[in-house]
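Everything below concerns the one structure shown next.
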């Protein structure tokens, strides 16, 4: 796939903890989570300054956790910023945690750069909490305003549901008034997994690329790996190295056969793991004829050449 010195981006999950309880989130009801979290000490050990200097982008997001909940979040962002002043740092957040001082400090650290924070706000005061369970809308708006007023670059992501689609234009106008750089609509593909929810998808903004196929129908999918194109790796809150967050989520499957010891960054360096056949073995499996033979289902689902779930969200 690619070698250590070719890595240009990192998707990093700082913590498995989150103060919210969004019903379609992978962490909700997941009893395999351990609330793992990376400290500033872990980050300094995993990310040498020379490695950070070779990167173009770090994204603080992940599968399960809310990055700003991590105890050392600000110190970690500051470490990345001063290790590589040209590094683009992006943070995806529900913005329902932390006080205004945190948001002011975060804006100061990221100010004057191409970095930004994506605020996931799915509606207005009377609707955001329907999906963003446990998130106070007024707190979110105050946090966003403080971040923007102190020089931070902010973007608004709005997941469209049946209960909030009538508020799109009003939310977009509010985003402009507050100083958000952009307002982006998102279509979720998770409804097939959560049919019993009392939350319905928007008929207009519905993502048709859902998990409706059988395993056999993925046998013929041509895999066009997104992270191979961007030279990106994913590091979980447990400190485990994966090609991407989708492969990383497989570790929490009770039937997972992934050997954690071989990809544990608390035991090995990024370079040591990248020098093994770990990534190349995965790539070779893309060429197999069927899922039954070992073709990775997660790769066929997420990075099919004509069925890309990430790109179909927008």
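Numbering (the working numbering), first residue to last: 1 to 314. Where is the CB? At the ideal position from N, CA and C, for every residue including glycine.
Secondary structure of residue i, DSSP reduced to three states
| i | result |
| --- | --- |
| residue 32 | coil |
| residue 82 | helix |
| residue 278 | helix |
| residue 149 | helix |
| residue 17 | coil |
| residue 123 | coil |
| residue 258 | coil |
| residue 265 | coil |
| residue 218 | helix |
Between the CA atoms of residue j and residue i - distance to the nearest angstrom
| i | j | result |
| --- | --- | --- |
| residue 303 | residue 184 | 22 Å |
| residue 36 | residue 85 | 28 Å |
| residue 2 | residue 242 | 13 Å |
| residue 163 | residue 118 | 22 Å |
| residue 12 | residue 91 | 10 Å |
| residue 70 | residue 18 | 9 Å |
| residue 141 | residue 105 | 17 Å |
| residue 287 | residue 179 | 47 Å |
| residue 167 | residue 291 | 42 Å |
| residue 258 | residue 246 | 13 Å |
| residue 112 | residue 10 | 21 Å |
| residue 172 | residue 130 | 19 Å |
| residue 144 | residue 108 | 14 Å |
| residue 220 | residue 289 | 7 Å |
Enclosing beta strand (DSSP E) for residue i [first to last residue]
| i | result |
| --- | --- |
| residue 90 | 88-93 |
| residue 116 | 116-120 |
| residue 12 | 9-12 |
| residue 233 | 232-235 |
| residue 183 | 182-186 |
| residue 60 | 57-60 |
| residue 158 | 154-159 |
Supposed contact pair residue j and residue i - C-beta distance, whole angstroms, cut 8 Å
| i | j | result |
| --- | --- | --- |
| residue 4 | residue 40 | About 23 Å; that fails the 8 Å criterion. |
| residue 116 | residue 54 | Actually they are not in contact, since the Cβ atoms of residue 116 and residue 54 sit about 21 Å apart, beyond 8 Å. |
For residue i, the nearest candidate out of the options (CA to CA)
| i | options | result |
| --- | --- | --- |
| residue 114 | 169, 166, 65 and 58 | 58 |
| residue 198 | 281, 22, 52 and 112 | 22 |
| residue 149 | 203, 60, 305 and 101 | 101 |
| residue 222 | 285, 277 and 33 | 285 |
| residue 270 | 61, 44 and 34 | 44 |
Opening and closing residue of the alpha helix (DSSP H) in which residue i lies
| i | result |
| --- | --- |
| residue 38 | Counting along the chain, residue 38 falls outside any alpha helix (DSSP H), and DSSP gives it neither H nor E. |
| residue 171 | 168-178 |
| residue 324 | Coverage of the chain is limited to positions 1 through 314, which leaves residue 324 absent and any answer about it impossible. |
| residue 300 | 297-302 |
| residue 246 | 245-249 |
| residue 50 | 49-53 |
Any non-hydrogen atom of the ligand PLP within 7 Å of residue i CB
| i | result |
| --- | --- |
| residue 46 | Absent from the structure shown: the ligand PLP. Ligands present: none. |
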